[in-house]
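Before any comments, here is the structure.
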Amino acid sequence: MKNLEYFFKPKSVAVIGASKKMGRPGNIVMNNLLQGSYEGVIIPVTPSYKSVCGVLAYPTIESMPLEPDIAILCTQAARNVDIFEALAKKNCKIVVVLSSDMEDLDKFNIPIQEQCLAIAKKAKMNVLGPNSLGLILPWINLNASFSPIPADKGKIAFVSQSAAVCTTVLDWAKDNQIGFSAVISLGNATDIGFAELLDWLSTDNKTNAIMLHVDSISDARRFLSAARAASRNRRILVLKSGRTRLGQQAVKIHTGGEESLDIIYDSAIRRAGMLRVTTTHDLFAAFETLTHSIPLRGERIAFITNGGGQAIMAVDTLAEHGGKLAPLDTPLINELSEFLPNCWSHANPIDIAGDADIHRYTQTLTAVMNSDATDTIVIMHSPSSIAPGIETAKAVIETIKAHPRKQHFNILTNWCGDYTAKQARTLFSSAGIPTYRTPEAVATAFMHLVSYRRNQKQLMETPSTAQQIKEKELQKAQQWLKNQVEGDNKIHLDTHQIGYFLEHLGFDVLPTWLASNSNEAINVANNIGYPVAVKLRSPDISHKSDVYGVMLNQQNDSEVASAARGIFNRTKRLYPKAKVDGLVIQAMAETTGAEELRVKVKNDSTFGPVILIGQGGSDWDESRDAEAALPPLNTTLARYLVIRAIKTGCIRPQKLIKPIDIKALSQFLVRLSQMVIACPEIFELDIHPLLIRDKDFTIVDARLTVQKSDDDPQKRLAIRPYPVEQEEKVQLRDSTTILLRPVRPEDEPTHAEFINKVSKEDLYKRFFTDVGELNHEALAKLTQIDYDREMAFVAVQGHSNGQHILGVSRASIDPENKVAEFAILIRSDLKRNGLGRILMEKIIHYCQQKGTKQLQGMTMPTNQGMLKLAASLGFELDVSFEDGTADMNLTLNQSTDL
Numbered sequence: 001m002k003n004l005e006y007f008f009k010p011k012s013v014a015v016i017g018a019s020k021k022m023g024r025p026g027n028i029v030m031n032n033l034l035q036g037s038y039e040g041v042i043i044p045v046t047p048s049y050k051s052v053c054g055v056l057a058y059p060t061i062e063s064m065p066l067e068p069d070i071a072i073l074c075t076q077a078a079r080n081v082d083i084f085e086a087l088a089k090k091n092c093k094i095v096v097v098l099s100s101d102m103e104d105l106d107k108f109n110i111p112i113q114e115q116c117l118a119i120a121k122k123a124k125m126n127v128l129g130p131n132s133l134g135l136i137l138p139w140i141n142l143n144a145s146f147s148p149i150p151a152d153k154g155k156i157a158f159v160s161q162s163a164a165v166c167t168t169v170l171d172w173a174k175d176n177q178i179g180f181s182a183v184i185s186l187g188n189a190t191d192i193g194f195a196e197l198l199d200w201l202s203t204d205n206k207t208n209a210i211m212l213h214v215d216s217i218s219d220a221r222r223f224l225s226a227a228r229a230a231s232r233n234r235r236i237l238v239l240k241s242g243r244t245r246l247g248q249q250a251v252k253i254h255t256g257g258e259e260s261l262d263i264i265y266d267s268a269i270r271r272a273g274m275l276r277v278t279t280t281h282d283l284f285a286a287f288e289t290l291t292h293s294i295p296l297r298g299e300r301i302a303f304i305t306n307g308g309g310q311a312i313m314a315v316d317t318l319a320e321h322g323g324k325l326a327p328l329d330t331p332l333i334n335e336l337s338e339f340l341p342n343c344w345s346h347a348n349p350i351d352i353a354g355d356a357d358i359h360r361y362t363q364t365l366t367a368v369m370n371s372d373a374t375d376t377i378v379i380m381h382s383p384s385s386i387a388p389g390i391e392t393a394k395a396v397i398e399t400i401k402a403h404p405r406k407q408h409f410n411i412l413t414n415w416c417g418d419y420t421a422k423q424a425r426t427l428f429s430s431a432g433i434p435t436y437r438t439p440e441a442v443a444t445a446f447m448h449l450v451s452y453r454r455n456q457k458q459l460m461e462t463p464s465t466a467q468q469i470k471e472k473e474l475q476k477a478q479q480w481l482k483n484q485v486e487g488d489n490k491i492h493l494d495t496h497q498i499g500y501f502l503e504h505l506g507f508d509v510l511p512t513w514l515a516s517n518s519n520e521a522i523n524v525a526n527n528i529g530y531p532v533a534v535k536l537r538s539p540d541i542s543h544k545s546d547v548y549g550v551m552l553n554q555q556n557d558s559e560v561a562s563a564a565r566g567i568f569n570r571t572k573r574l575y576p577k578a579k580v581d582g583l584v585i586q587a588m589a590e591t592t593g594a595e596e597l598r599v600k601v602k603n604d605s606t607f608g609p610v611i612l613i614g615q616g617g618s619d620w621d622e623s624r625d626a627e628a629a630l631p632p633l634n635t636t637l638a639r640y641l642v643i644r645a646i647k648t649g650c651i652r653p654q655k656l657i658k659p660i661d662i663k664a665l666s667q668f669l670v671r672l673s674q675m676v677i678a679c680p681e682i683f684e685l686d687i688h689p690l691l692i693r694d695k696d697f698t699i700v701d702a703r704l705t706v707q708k709s710d711d712d713p714q715k716r717l718a719i720r721p722y723p724v725e726q727e728e729k730v731q732l733r734d735s736t737t738i739l740l741r742p743v744r745p746e747d748e749p750t751h752a753e754f755i756n757k758v759s760k761e762d763l764y765k766r767f768f769t770d771v772g773e774l775n776h777e778a779l780a781k782l783t784q785i786d787y788d789r790e791m792a793f794v795a796v797q798g799h800s801n802g803q804h805i806l807g808v809s810r811a812s813i814d815p816e817n818k819v820a821e822f823a824i825l826i827r828s829d830l831k832r833n834g835l836g837r838i839l840m841e842k843i844i845h846y847c848q849q850k851g852t853k854q855l856q857g858m859t860m861p862t863n864q865g866m867l868k869l870a871a872s873l874g875f876e877l878d879v880s881f882e883d884g885t886a887d888m889n890l891t892l893n894q895s896t897d898l
């Protein structure tokens with residue numbers, strides 16, 4: 001966002017509605033600005049006073065002596081339309097709206113907020129709020145808020161939709177000596193939102209970590225795209241409120257957000273490589289961890305304690321979050337036994353007993369640090385007269401500092417209590433050692449690190465290739481689907497109607513027929529062959545079990561007739577007004593040694609299509625009994641979904657001779673994801689049950705809801721899928737046919753092979769530095785791209801199971817789609833065959849289609865081949881032999897605001 005330069009580096013701040021009256025927002029904001037020692041220009045605007053807080057005031061916006069970078073509106077909403085118009089004429093860049101009543105209607109019944117945003121958009125002003133507390137930027141001494149608590153300088157940025165949460169966190173942080181790089185209150189986030197701020201903060205050199213408090217998000221694609229990019233550079237933690245249905249209803253009232261299942265938010269946060277915390281208690285623990293920015297060495301943890309009770313509390317919390325204790329090896333146990341009393345625990349937690357003195361603490365800590373038994377050491381202390389809290393803390397700090405292997409461990413501390421422990425915790429914080437007030441908090445903080453590490457690993461993990469749906473079969477399925485859509489109405493289709501569609505997509509569906517009465521049921525059963533299942537078909541009865549509407553293993557004509565009559569009679573008696581569409585007759589699936597699951601594609605109001613999986617059952621509650629994932633899924637992401645569902649108990653595998661094949665189930669989910677992406681008419685698909693026997697997956701029952709898709713079907717997806725439409729076959733000068741396509745995450749091995757076939761000289765020209773062998777993380781960044789804001793085209797040769805990369809062209813596009821930076825690299829043995837021009841034209845055409853305004857690149861003056869190619873394609877060149885750089889710039893689409 002162009003104006004964020006003014007947002008984070010303002011040279012002038014106007015306070016509209018400045019006041020001398022104590023307690024008024026206009027007075028609090030003025031005092032905060034002045035007390036913070038902000039060095040920019042402060043301009044109070046009010047017709048009521050000549051000066052405010054000793055600063056000359058101006059009666060109107062028009063009379064201000066300069067154009068303000070930021071204007072803070074401490075006014076009632078009724079005045080804000082006129083104020084916005086005046087600020088637009090004054091060329092203000094940012095408007096911070098504190099009012100909470102902007103949704104009120106004016107005399108023409110038009111929302112005030114709507115009018116103000118229209119004025120701001122036309123004038124290219126950006127808006128923070130309404131219902132905002134303001135912003136605090138401690139590193140430039142700017143406190144442009146009406147917070148009662150200031151913020152100290154630090155390395156954590158905190159962005160919140162709630163003013164109350166902001167002040168609560170500021171109050172806690174002040175008491176715990178935790179500072180911030182920025183504190184920003186979004187309010188209703190009608191313009192400036194999480195995405196824009198993540199883009200900026202992820203490159204801010206004063207910010208090491210970012211904390212978000214989220215009520216709701218409005219643009220899922222924009223948010224996830226920014227979050228995925230930011231989480232590669234900064235630690236991001238999210239406190240998401242509205243976890244329950246009641247909470248979601250409160251969110252809608254508070255910030256106007258749409259209701260979404262909490263498991264979907266959970267999945268989205270995890271997918272973006274961020275970490276979620278669920279309570280303010282966890283939030284404060286996370287703040288302590290982030291303040292010291294410690295990378296996790298490993299997942300093994302050991303506790304040293306003078307109180308067994310507090311250690312047990314920590315272990316309980318650890319276990320509840322899926323953590324495990326490090327087993328102590330025999331040499332360490334023997335060493336500890338030499339100086340610890342016989343009553344010590346001889347296991348982890350290492351209970352050194354309640355009579356432990358300071359020397360016993362330091363001796364035990366030294367022994368553990370000398371060993372390789374653990375990755376993380378938690379030192380716990382209960383108030384003791386033998387080992388006083390402050391003196392023990394000092395000794396522990398000195399022991400850690402003096403130990404030669406201190407970098408091998410994560411070290412956390414838990415000094416319990418307040419009266420004697422508070423000063424000790426301050427000593428640990430000052431020494432850069434994370435410290436926590438309660439045993440539960442220290443265990444939770446450790447599991448934050450574990451979960452974050454796992455999420456980051458998932459973000460970077462290379463997936464295997466999944467089998468694609470055959471193109472001809474997909475086209476048949478797509479055409480069938482289009483034929484079902486009627487206008488804008490939702491159409492509901494049952495199992496017997498959608499078998500053709502699902503089978504073309506590669507799914508096995510249990511053969512299903514309809515019968516309107518018992519005689520037809522007998523005829524159908526004879527055609528299928530016994531045994532069969534007889535089921536009620538009624539749109540008004542969601543749970544067939546309510547009328548015993550499912551009769552299984554019917555062995556002959558008389559049993560079928562009896563089952564049919566019984567179902568009709570019970571339905572008529574119990575639900576006399578229900579619409580009955582007859583019976584469904586199915587062959588009996590082989591259930592011996594099988595698992596039944598429920599898989600659902602749900603259209604969420606915020607995130608679009610989402611895939612849910614769980615055990616199912618008549619009392620299935622998707623908010624509680626399912627795990628969720630956003631498409632597109634690859635095999636790695638699908639596997640994580642299945643494992644997570646098993647760990648949380650949403651899937652409860654039976655003790656079968658052949659248990660669930662997780663790899664095969666992952667492939668099934670990937671195919672389902674491919675279907676969702678390729679078939680935008682799908683609004684909902686509920687598969688219940690999905691019968692799994694070894695590697696066989698059979699859809700027994702399913703209900704499909706379809707409706708007309710938008711003009712751009714990709715917009716409905718929260719994450720931009722692989723753009724298959726960009727695939728293109730081309731010929732080189734020697735008539736060799738190659739495929740140009742977007743890079744895929746699965747390309748990592750072939751990309752590494754490609755890099756190895758580029759000379760050191762060519763790599764130096766591309767990266768401006770000597771390049772050795774790229775590690776997994778570097779290759780993942782090159783292949784696991786966000787198609788919404790970057791593109792890399794690879795020229796490949798060979799079949800799908802043995803392709804080789806010949807060259808790559810890449811464009812990294814800024815979030816506003818104004819400027820794209822390009823780079824191109826070709827195998828050194830394949831030059832002068834026209835591939836460079838083909839790749840360059842491909843990236844130019846892509847950026848033109850996307851609406852990008854400019855394409856920019858940089859190379860070395862000695863790279864004459866690249867410079868000649870760029871010149872021939874219309875680039876403007878700026879060669880600086882003194883700096884050793886050559887800039888290339890091409891205007892693609894005219895813009896008036898570049």
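For what it's worth, UniProt numbering labels the leading residue of the sequence shown as 1, then goes sequentially.
We put the CB at the ideal spot given by N, CA and C, even for glycine.
Would you call the CB atoms of residue i and residue j closer than 8 Å?
i      : j      : result
VAL13  : PHE146 : no
VAL599 : LEU672 : yes
ILE304 : ILE358 : no
LYS760 : ARG827 : no
SER623 : ASP262 : yes
PHE697 : ASP508 : yes
VAL794 : ILE805 : yes
LEU336 : THR374 : no
LEU170 : ALA144 : no
For residue i, which residues in the same chain have their Cβ closer than 6 Å to its Cβ, ignoring the five residues on either side in sequence?
i      : result
THR896 : With a pLDDT of 49 at THR896, under the threshold of 50, the modelled position of this residue cannot be trusted, and the question is left open.
HIS504 : GLU473, LYS476 and ALA477
ALA443 : ALA314, THR317 and LEU318
GLU876 : ASN889
Within its chain, find whatever has a CB closer than 8 Å to the CB of residue i; leave out the 5 residues flanking it on each side and keep chain order.
i      : result
ASN3   : LYS93, ILE94, LYS124, MET125 and ASN126
THR167 : LEU133, SER147, PRO148 and ILE149
LYS695 : ASP661 and ALA664
VAL81  : ASP106, ILE112, GLN115, CYS116 and ILE119
Starting from residue i and walking both ways along the alpha helix (DSSP H), at which residues does that stretch end?
i      : result
SER376 : For the record, residue 376 in the displayed sequence is Thr; it is not Ser. That residue, THR376, is in no alpha helix (DSSP H); its beta strand (DSSP E) goes 376-381.
PRO331 : 330-339
ILE498 : 495-504
GLY26  : 25-35
PRO439 : 439-460
Would you give the residue range spanned by the beta strand (DSSP E) that residue i belongs to?
i      : result
LEU685 : 682-693
VAL706 : 702-706
Touching by the beta-carbon criterion (3+ pairs, under 8 Å), the stretch 105-112 and the stretch 85-92: Below 8 Å, too few C-beta pairs join the stretch 105-112 and the stretch 85-92 to call them touching: fewer than three.
Length-filtered (4 minimum) alpha helix (DSSP H) runs lying within the UniProt domain "N-acetyltransferase" (738-893): The qualifying runs are 748-756, 760-767, 776-783, 835-850 and 864-872.
Completely contained beta strand (DSSP E) runs for the stretch 377-427, where each covers 3 or more residues: Runs of the beta strand (DSSP E) inside the stretch 377-427: 410-415.
Stretch-stretch touch, CB-based, cutoff 8 Å, three pairs: the stretch 525-533 with the stretch 543-557: The stretch 525-533 vs the stretch 543-557: in contact.
Within the stretch 83-135, ranges of the alpha helix (DSSP H) (whole runs, at least 4 residues): Counting only runs that start and end inside the stretch 83-135, the alpha helix (DSSP H) elements of at least 4 residues fall at 112-123.
Contact the stretch 813-822 vs the stretch 732-749: 3+ CB pairs below 8 Å: With the cut-off at 8 Å, the stretch 813-822 and the stretch 732-749 do not touch.
Uninterrupted beta strand (DSSP E) stretches inside the stretch 191-229 (no shorter than 3 residues): Those beta strand (DSSP E) runs which fall completely within the stretch 191-229 and span 3+ residues are 209-214.
Ordered list of alpha helix (DSSP H) runs contained in the stretch 460-487, each at least 4 residues: Listed in chain order, they are 471-484.
Segment contact flag, the stretch 423-430 with the stretch 628-639, C-beta cutoff 8 Å, min 3 pairs: Result no; under three Cβ-Cβ pairs closer than 8 Å.
Cβ contact (3+ pairs, closer than 8 Å) linking the stretch 669-687 and the stretch 566-574: Output reads no: the stretch 566-574 does not touch the stretch 669-687.
At least three beta-carbon pairs within less than 8 Å, the stretch 640-651 to the stretch 436-452: The stretch 436-452 and the stretch 640-651 do not touch, with fewer than three beta-carbon pairs separated by less than 8 Å.
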